[in-house]
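Please read the structure below before turning to the comments.
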Amino acid sequence: MSEVVSYNREGSVGVITVDYPPVNALSHAVRSGLLAALEQGQKDAEAKVLLLVCEGRTFIAGADIREFGKPMQEPGLPEVVNTFENSDKPIVAAIHGTALGGGLETALGCHYRVALSSAKVGLPEVKLGLLPGAGGTQRLPRLTGAQKALEMITTGEFVGAKDALALGIVDAVEDGSDIRAAGLAFANKLADEGKPVRRVRDITDKIDAEKGSDVFDQFREGLKKRARGLFSPFKCVDAVEAAFNLPFDEGMKRERELFMECMESPQRAGLIHSFFAEREVSKVKGLSKDTPVRDVKTVGVIGAGTMGGGIAMNFANVGIPVTMVEVKQEALDKGLAIIRRNYENSAKKGKLTQEQVEERMSLITPSLTYDDFKDVDLVIEAVFENMAIKKEIFGKLDAVCKPGAILASNTSTLDIDEIASATKRPEDVVGMHFFSPANVMKLLENVRGEKTSDEVKATVMAVAKKIKKVGVLVGNCHGFVGNRMLHKRGAEAMSLVNEGATPQQVDKVLTDLGYPMGQFAMSDLAGIDVGYRIREERRNAGEHVEPSWMDKLAEQNRLGQKTQAGVYRYEEGSRKPIPDPEVEKLIEEFRKEQGITPREISDQEILERCMYVMINEGAKILEEGIADRSLDIDIVWIYGYGFPAYRGGPMFWADQLGLDTILKAVKTYQDTVGGEQWKPAALLEKLVAEGNKFGDL
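Position in the sequence shown counted from 1, then plus 514, gives you the numbering used here.
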C-alpha cells in the first residue's frame, strides 16, 4: 500500500485518504495508491459506502507537473477513473480547495460528489494545449449539457461550488471548513438510505435531449475568433461532440485519439514552456529566497491619466489604499471619473457588486500635494517620458517620503540610474513598468538599477504577485527588454513599408503568426503622437532621427484610434482597422521624396525581418545580462506584447525554428539591408557553433 494514499474505516464508511503535499497531484504513487486503497475498500465487508477525501489545502489539483515530459507509468489515470466508476460500492468524492483536470475527472468517476462552498472545479488542460484525457469530455456533458461543458473545457476556467451544484457537477455543497466531516456525513446518509451506485456514464438524459443539435457548429464558429490559431480548443469540441454521437466506450476511445493528436502538436510544447516559464520568472537569479521583503500597506501614484489610474486600480483591487497626486484638480476629477466608469462597467457585467465598486473607490484618495506621500510605503511615478520632469519629481519624493519607502518609475524606456541620481537613496529606486491598460495587462516589468537593493528587488516582485501580475525582473538599458526588442521590430516594419510593402501586409504576417494585432494597428491603438513626441524630443536634443511618413500622419492630426484615423481609418464605435487610400498616397509621396523605388516584398521576408531582428536583439539582451534567462524574455513578450503563448515566446520559438536558420538569415540581411541591428549577436553565433539553444543557457 502506498503511503501517500491510505485506507481506514469509520463506522460503515470506508475512507480513502490522499496525502501528497502540496496539492495531492496525481503522481504514479497516488494513482497506484488509489487502486490499492479501492481494492481494500471493496474487500472490507463492514464498509457500505466509500469516501475519497484529501488532506491539506485541496482535493486532487490535477496532474503531477514533476512527471511532465516523462513516459507515463501504469496505471494511467483513465484506468484509475474507470475502476472507481465500476466499483460495486457507492463512492463519494469530498471536494475542498480545487478539483482540477485529472482531479475533477477522478471525482466524476465517483458516484456522488459533495463540496465545501469555497471549492472550485475545472478542466484546465486546454491551457497546456491538451484536452481532458481521462473521460472529462465524456462525463462532464452528461451532467451539465453540451453548452456549459464546451465553455468549461475550451476555456479551462474554474466553476465555484454553488455554480457546480446548479450545473449538476456536485450533489451537495456544505459551508464550513471540515471536508472530512462533510464527506462522512454525506456518505453516512447514503448508507442509511441504501442509495445505489450511480455511474455518470449511465446518465444520458441531457445527451439524448441534445443529439443532432447545432450547438457544436455554432460553438466552433465562435471559437474561430476567440481561439484564433489554437489547436486544442477545436479538438475539445470534437471530443465533447463524440459524447453525444457515440456510445460511451467508443466516445472514450475517440477522446484518447484526440488527446494524442494534442500531445503531438507543437502547440503543446509551447504552452507547457509558457506554463513553467511563468512560474520560473518569480525565482530571480542571485536573489536569495530569504531576502527580506518590505511591507507595502499604502501606495502613492503620481499621475491620474490612463496609466496612473490603471495602476491605482491594481492596488485598490486587492485592498491596498492609494493616494493619487495630480497637479490640477481638473485632471484628478477626470482620472477618478474614468476609474469609477471602469468599475461601474465591471459591475454591469456582474464581475463586481455595487458595494465592491464603492469600497474600491473609497481606497483611492485624490491629492494635489506630494506632502500626502510622507507615510506611504511605495510611490509609483506615471508621468510623461521626459527625463527632466522625472528627475524633478524624484528629487521632491526624496525630500518628502519616509526612510525605507520605495520610489518607483513607470518609465517604459528611460535610464533608471539617471532617475535615481536625483535622490540620496538610489538603493530604494526601481523601475515598475506597467503595460497599458495597466488594470488589465498581466505583465509587470520590474527594472533593477545599478544600486537597487536586493530587498527592494524582492519587494517589487512580491508586490507583482500581490496585485496579480506576472513580475519579471530585468536590467537597466534603453527600452529594457520588451520595448528594446519592439523598437527593432518597429524600425524594420517601417523600412519594409518604405521599400514597398503595405502596412496591412506587414500586420497580416504578424497576426498570422498569432499576435492579436500587427505593428501598425498597435501604433494606432497606442496613439501616433506618442512615437512622434519621442522622435521630436530626440531631434530637439540634436540626435539624427530619420524622417518618417508616420511624422506626416501626426502633423495631419491622424493620431490613431482616438481620432478615427491613423495608419488605418476607423468607423465610429469600431476598433477594426480599415486600409486608407489617403495613407497609401502619403507613403508613395514619401518614397518619391526619399528617392526609393518600391519593390515587391514577400511575406517570408516580412516575417524574417520583423521577427529575426527581435531574436538577434534578444540574444544581445542575454549577452549583456539585461535578462537573466531566455524564459524571462519569453514571458515579457507573452504577457506584455501578445506574443502567442502557444509558440512559447520569441526565444523558445527561435529554438524550435533552429538558431542556425536564424543566424544564416541574420547574416544575409546584414549584407543586403545593413545596419547595427543586423550585426549577429555574439551569443547567437556561439550557440550555433556549439549546437545549443537559448533554453540551454
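Think of the CB as a built atom: it goes at the ideal place given N, C-alpha and C, for glycine as much as any other residue.
This structure is a prediction, so every number in the text was calculated from the model and none was measured.
- Secondary structure within the stretch 696-746: not one fully enclosed beta strand (DSSP E) run of 3 or more consecutive residues is present.
- Three or more Cβ pairs drawn from the stretch 756-764 and the stretch 713-733 lie within less than 8 Å of each other, which places the two stretches in contact.
- The residues M999, K1002, R1003, P1164, in chain order, have a CB closer than 7 Å to that of M1128 in the same chain once the five nearest residues on each side in sequence are set aside.
- Its Cα nearest to that of T1175, the residue A1203 stands out among C776, I1149, E517, A1203.
- A Cβ-Cβ separation of about 4 Å places G1156 in contact with P1030 under the 8 Å criterion.
- Your pair C624 and F598 checks out as a contact, with CB atoms roughly 6 Å apart and the cut at 8 Å.
- In the structure shown, N859 adopts helical secondary structure according to DSSP, grouped into three states.
- If you look at N997, you'll find it isn't in any beta strand (DSSP E); it sits in the alpha helix (DSSP H) that goes 996-1013.
- Contact between the stretch 1123-1139 and the stretch 1014-1030 is present: three or more C-beta pairs spanning the two stretches fall below 8 Å.
- In this structure, the straight-line span from the alpha carbon of A791 to that of M766 is close to 32 Å.
- Check the Cα spacing between D931 and each of A550, M875, F994: the tightest is with F994.
- Excluding its 5 nearest sequence neighbours in each direction, D558 has C-beta neighbours in its own chain below 7 Å: R523, G528, listed in chain order.
- In this structure, V673 and G643 do not form a Cβ contact; the two beta carbons are roughly 22 Å apart against a cut-off of 8 Å.
- Taking the Cα positions, L801 is about 11 Å away from T973.
- For the pair T812 and P835, the CB atoms are nearer than the 8 Å cut-off.
- In the displayed model, A783 falls within a helix according to three-state DSSP.
- Between L664 and F733 a beta carbon distance of about 5 Å is seen, short of the 8 Å cut, so the two are scored as contacting.
- For F598, the enclosing alpha helix (DSSP H) covers residues 591-599.
- Shortest Cα-Cα distance from P604 to any of D685, G708, F573, E1098 involves G708.
- Closest option to R962, judged by alpha-carbon separation, among D885, V970, D1148: V970.
- Taking the C-beta atoms as reference points, L987 is found no nearer than 8 Å to V807.
- Taking 8 Å as the cut-off, the Cβ atoms of P1158 and G682 do not count as close.
- For E524, the three-state secondary structure derived from DSSP is strand.
- Less than 8 Å divides the Cβ of L921 from the Cβ of D942.
- Contact between the stretch 644-655 and the stretch 772-788 is present: three or more C-beta pairs spanning the two stretches fall below 8 Å.
- With respect to the C-alpha of D804, the residue from L1145, G570, D968, F700 having the closest C-alpha is D968.
- In this structure L928 is not in contact with M955, their Cβ atoms being roughly 20 Å apart against a cut-off of 8 Å.
- Rounded to the nearest whole angstrom, the CA to CA distance from V1081 to P1093 is 8 Å.
- When DSSP states are grouped into helix, strand and coil, T668 belongs to the helix group.
- Contact between R627 and D692 fails: their C-beta atoms lie close to 17 Å from each other, not under 8 Å.
- Distances from the CA of V606 to each of A577, F573, E593 were compared; the closest alpha carbon is that of F573.
- Boundaries of the alpha helix (DSSP H) around Y1153: 1144-1155.
- Residue pairing by DSSP places L1100 opposite no residue, since no beta bridge is assigned to it.
- Where H542 is concerned, the enclosing alpha helix (DSSP H) starts and stops at 542-557.
- Distance check between F789 and each of F1208, I1152, K703 places I1152 closest, using alpha-carbon atoms only.
- Following the DSSP letters along the chain, one finds A686 inside the beta strand (DSSP E) bounded by residues 686-688.
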